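Take a look at the structure below.
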Amino acid sequence: MMHRQLSTIELTIRIAVLIVFFLFFMFPFYWIVATSLKTQVDAFAIPPKWFFDVTFENYIDVLSDTDFLNQAKNSLIASLANALLTLALALPAAYSMSRYKTGGKDLLFWFLSIRMIPPIVGAIPLFVLAAQYRLIDTYVILPVLYIILNMPFAVWMLKSFIDEIPREIDESALIDGCTNLAVIRRMILPLIKPGLVATVVFCFILAWNEFLLANIFTRRVAVTLPVGISKFITEKQILWGYITAAATLATLPPIVFLWFFQRNLIRGLTLGAIR
Amino acid sequence: MATAAAEFLRPSLGKRVSQKRYPLFLVAPAFLTLFLLTIYPFIYMVWISFHKWPILPTLPRDFVGLATYSFIFRDPEFWNSVGVTATYMFLSVGLQLSLGFFLALLVAAPNPVLRWFRLPFIIPVFVSPVVVGLIWKFMLGYDLGIINYLLRSIGLEGVNWLGDQTNALLAVVLVDVWQWTPFTFLILHAGLSSLPSEPYEAAALDGASRFQMLRYITLPMITPVLTVALLFRVLDAFKLFDVIYILTRGGPGNATNLLAYNIWRKGFFENQLGYAAALSVIMIIIATVLALVLIRVMARQDRE
């Protein structure tokens, strides 16, 4: 696209409009964090208190009175196990599809089509099957199920990273007497390290945030954070103190990751749409 | 090519055969795992949909054949759910595309200040939908929510966001637009950045106005990207569940009873897995049609 220098007036208008949208997208975060730092009384004051005494009561309460830490541990286990599992499966596949064009476009789009399945649709039969094998509410079930969600992203992401490495590198390594596997291990892996990290982080975030399957496939033992937080909406009341503090804490990991891996995570999110 | 070079160095016949299969061996684990986790359960789900299937394994599972399907197609609740889903998808995806395009145009200029806005515009996508639902549930409260406070402070009436049928659906649209406009923004931003500058230079020489350039150059050239963004969003919007679960539980009445939520409710709340399975089969047929269109479009662009 052609870019002219903007006139000062136009630049000012653009920035003003952008600030409005900045507030639209960012204010909700500010509001939930601010509320988490307020006392019960201040949180529901009308007019709202823009300036207030900061208290960490909600955080202390949610950490000491609820199952938060245990659920955070469960989330960590499920997300990390799934991210590594997905990587282990997707990496060889992506390499093969990048270098040998295995399965051609059909296979690539088959992986993409898995992403389009509404998770609730898979949940029905998988629930019946998991119940038969007594896998409900175990530490195994979520990492396995999340493969369905993450594999399409992982394959497309890794393939796009491998595609960027010139084939000559593989070929010269083969001529130098490297075995096929040594080519992947010694040449490709070091070169796509940023891509590997981004893929793991991407899968981790998706699994960390996932609610629908976690809500159906866990009961008490393996409950993850999103499910735990949703349970603060009880029949009688909504425990906003717990919710705001827990939601803030649960949102920190994805935001920190996004900050560090911005470019490559966006590549994953948009799959084939942006190369 | 890599294979040719490798085969040249490995003359024995046995090795050459394994060399040929090597790429397949690499793909097999990923393919088989996904196959087992999707295709097999799908077939099983069709089987379940032919039964009355309570969750408790001790209760009887009666074969009813296609009866559930014919019941669904006569069930006003199902058609309401279809209508609600279509309305929500139309409004939500339409707004996300227009807004994303607008924002992408705004930041498309070589100015460092404009670039600062990119990161904040993409954060919502990476936040758990549960958290997103809760944030908005908090802000949309009728008496104590900040949004109604702001409306009242400029002299308007507070809106009963989640208690009124029409407003609740609009609230769901609002939340979805908030979370996913960043996605359309990203795609269109990348699309705009990759447009060639020659047509614009030629048009400028011919004295074209900026609106004409937008209408006759940018829009036609961005259409393929717009289509991909549209289809991705349509398919994702189709799946929406978490936000409904947190924000409205399908209500008030059935006003926000989207298809995905309806399946969850039938299966895991009302304990009718057979019914939910039949709904799922119908839903996946719709999703497949949409996905085929998307893949067709993407594959065509890939060739160009």
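Chains as they are written, first to last, in the working numbering: chain A, 696 to 970; chain B, 30 to 333.
Glycine included, C-beta positions come from ideal geometry on N, C-alpha and C.
For clarity, every value in this text was computed on a predicted model and none was experimentally measured.
Kindly confirm or deny that the region 182-192 of chain B and the region 104-114 of chain B touch, where touching means at least three C-beta pairs closer than 8 Å.
no
From this set, 961(A), 789(A), 708(A), which residue's C-alpha is nearest residue 55(B)'s C-alpha?
The sequence position of residue 55(B) within the second sequence is 26, counting from 1. Minimum Cα distance to residue 55(B) is reached at 789(A).
Would you report the Cα separation of residue 40(B) and residue 871(A), rounded to the nearest angstrom?
Residue mapping note: residue 40(B) aligns to position 11 of the second sequence, counting from 1. Residue mapping note: residue 871(A) aligns to position 176 of the first sequence, counting from 1. A caution first: residue 40(B) carries a pLDDT of 46, below 50, which makes its placement in the model unreliable, though a value can still be read off. So the two alpha carbons sit approximately 16 Å from each other.
Given a limit of 8 Å on CB to CB distance, which residues of the region 175-208 of chain B reach chain A?
Per Cβ criterion, the list reads 175, 178, 182, 207.
List the DSSP bridge partners of residue 92(B).
Here residue 92(B) is taken as the residue at index 63 of the second sequence, counted from 1. Note: residue 92(B) sits in a beta bridge opposite 80(B).
If contacts are defined as beta-carbon pairs under 8 Å, then residue 825(A) and residue 898(A) qualify, I think. What distance do you get, rounded to the angstrom?
Along the first sequence, read from residue 1 onward, the residue named residue 825(A) stands at position 130. Along the first sequence, read from residue 1 onward, the residue named residue 898(A) stands at position 203. Not confirmed; about 21 Å, so no contact.
Cutoff 7 Å; reference residue 300(B); Cβ partners in own chain excluding five residues on either side:
Locating residue 300(B) in the second sequence gives position 271, counting from the first residue. Result list for residue 300(B): 83, 84, in chain order.
Decide if residue 768(A) is buried, meaning its Cβ has at least 16 other Cβ atoms within 10 Å, or exposed.
Position 73 of the first sequence holds residue 768(A). Burial call: exposed.
Check whether the Cβ atoms of residue 244(B) and residue 213(B) lie closer than 8 Å to each other.
Mapped onto the second sequence, residue 244(B) falls at position 215. Mapped onto the second sequence, residue 213(B) falls at position 184. With respect to residue 213(B), residue 244(B) sits apart: the two C-beta atoms are not nearer than 8 Å.
Return the CA-CA distance between residue 835(A) and residue 946(A), expressed in angstroms with no decimal places.
Counting from one through the first sequence, the residue named residue 835(A) turns up at place 140. Counting from one through the first sequence, the residue named residue 946(A) turns up at place 251. Taken atom to atom, the span from the alpha-carbon of residue 835(A) to that of residue 946(A) is near 24 Å.
Using three-state DSSP, classify residue 933(A) as helix, strand or coil.
To locate residue 933(A), count along the first sequence from 1; it is residue 238. The answer is strand: DSSP assigns residue 933(A) an E or B state.
What three-state label does DSSP hand residue 928(A) in the structure shown?
If you number the first sequence from 1, residue 928(A) lands on position 233. Note: residue 928(A) maps to strand in three-state DSSP.
Residue-chain proximity (residue 94(B), chain A), Cβ-Cβ < 8 Å:
For the purposes of this step, residue 94(B) is taken as the residue at position 65 of the second sequence. Residue 94(B) does not count as touching chain A.
Could you list which residues in chain B have their beta carbon closer than 9 Å to that of residue 838(A), in chain order?
Taking the first sequence and counting its residues from 1, one reaches residue 838(A) at position 143. Chain B residues near residue 838(A): none, gap ~12 Å exceeds 9 Å.
List the whole-angstrom C-beta distance separating residue 812(A) from residue 313(B), where the pair is believed to meet the contact cut-off of C-beta under 8 Å.
Residue 812(A) sits at position 117 when you count from the first residue of the first sequence. Residue 313(B) sits at position 284 when you count from the first residue of the second sequence. 7 Å between Cβ atoms; contact.
Along the region 709-727 of chain A, what residues have a CB closer than 8 Å to any CB found in chain B?
709, 710, 712, 713, 716, 717, 719, 720, 721, 723, 724, 726, 727
Indicate whether at least one CB of chain A lies closer than 8 Å to the CB of residue 118(B).
In the second sequence, counting from the first residue as 1, residue 118(B) sits at position 89. No, residue 118(B) lies away from the interface with chain A (no Cβ there is under 8 Å from its Cβ).
Top-ranked residue by Cα proximity to residue 259(B), from 112(B), 129(B), 68(B), 61(B):
Within the second sequence, the letter at position 230 stands for residue 259(B). With distances taken between Cα atoms, residue 259(B) lies closest to 129(B).
Closer than 9 Å between beta carbons: that is the criterion. Which residues of the region 816-827 of chain A meet it against chain B?
Within the region 816-827 of chain A, the qualifying residues are 816, 817, 818, 819, 820, 821, 822, 823, 824, 826, 827.
Member of 902(A), 882(A), 955(A) whose CA lies at the smallest distance from the CA of residue 157(B)
Against the second sequence, residue 157(B) aligns to sequence position 128. Of the candidates 902(A), 882(A), 955(A), the one whose C-alpha sits nearest the C-alpha of residue 157(B) is 902(A).
Can you tell me whether residue 888(A) is buried or exposed? The criterion is at least 16 other CB atoms within 10 Å of its CB, across all chains shown.
Counting from one through the first sequence, the residue named residue 888(A) turns up at place 193. It is exposed - the Cβ of residue 888(A) has fewer than 16 other Cβ atoms within 10 Å.
Run of the alpha helix (DSSP H) containing residue 873(A), from where it starts to where it stops
Position 178 of the first sequence holds residue 873(A). Element bounds for residue 873(A): n/a, residue is neither H nor E.
Residue 270(B), DSSP secondary structure in three states:
As a working note, residue 270(B) is residue 241 in the second sequence. DSSP places residue 270(B) in coil when its eight states are reduced to three.
Under 8 Å between C-beta atoms of residue 159(B) and residue 921(A)
Counting from 1 along the second sequence, the entry for residue 159(B) is found at position 130. Counting from 1 along the first sequence, the entry for residue 921(A) is found at position 226. In contact: residue 159(B) and residue 921(A) (Cβ atoms closer than 8 Å).
Closest to residue 121(B) by C-alpha separation, out of 52(B), 136(B), 211(B), would be which residue?
As a position in the second sequence, residue 121(B) is number 92, starting the count at 1. Closest by alpha carbon: 211(B).
So what does DSSP say about residue 325(B), is it helix, strand or coil?
Locating residue 325(B) in the second sequence gives position 296, where the first residue counts as 1. It is helical.
Cutting at 7 Å between CB atoms, please list the residues of its own chain near residue 320(B), excluding the five before and the five after it.
For the purposes of this step, residue 320(B) is taken as the residue at position 291 of the second sequence. Excluding residues within five positions, the ones whose Cβ falls inside 7 Å are 264.
Cβ of residue 170(B) versus every heavy atom of the ligand MN: is any distance shorter than 7 Å?
Because no ligand of any kind appears in the structure shown, any question about the ligand MN cannot be addressed here.
Determine the DSSP secondary structure at residue 285(B), reduced to helix, strand or coil.
As a working mapping, residue 285(B) is identified with position 256 in the second sequence. In the three-state reduction of the DSSP assignment, residue 285(B) falls in the coil class, being assigned neither a helical nor a strand state.
Helix, strand or coil for residue 761(A)? Go by DSSP, reduced to three states.
Locating residue 761(A) in the first sequence gives position 66, where the first residue counts as 1. Residue state, collapsed to three classes: coil.
Return the Cβ separation of residue 908(A) and residue 840(A) in integer angstroms, given the expectation that the two are a contact with Cβ distance under 8 Å.
The count along the first sequence starts at 1 and reaches residue 908(A) at position 213. The count along the first sequence starts at 1 and reaches residue 840(A) at position 145. The Cβ separation is near 5 Å, so the contact holds.
Output yes or no for whether 8 Å exceeds the beta carbon distance between residue 136(B) and residue 204(B).
By one-based count along the second sequence, residue 136(B) stands at place 107. By one-based count along the second sequence, residue 204(B) stands at place 175. Cβ distance not < 8 Å, so residue 136(B) and residue 204(B) don't count as in contact.
Counting only beta-carbon atoms, is residue 749(A) nearer than 8 Å to chain B?
If you number the first sequence from 1, residue 749(A) lands on position 54. Using beta-carbon distances, residue 749(A) does not count as an interface residue toward chain B, since no partner is under 8 Å.
From which residue to which residue does the alpha helix (DSSP H) around residue 187(B) run?
Counting from one through the second sequence, the residue named residue 187(B) turns up at place 158. Premise fails: residue 187(B) is in no alpha helix (DSSP H) and is neither H nor E.
Is there a Cβ from chain A that is less than 8 Å from the Cβ of residue 130(B)?
The sequence position of residue 130(B) within the second sequence is 101, counting from 1. Not one chain A Cβ lies under 8 Å of residue 130(B).
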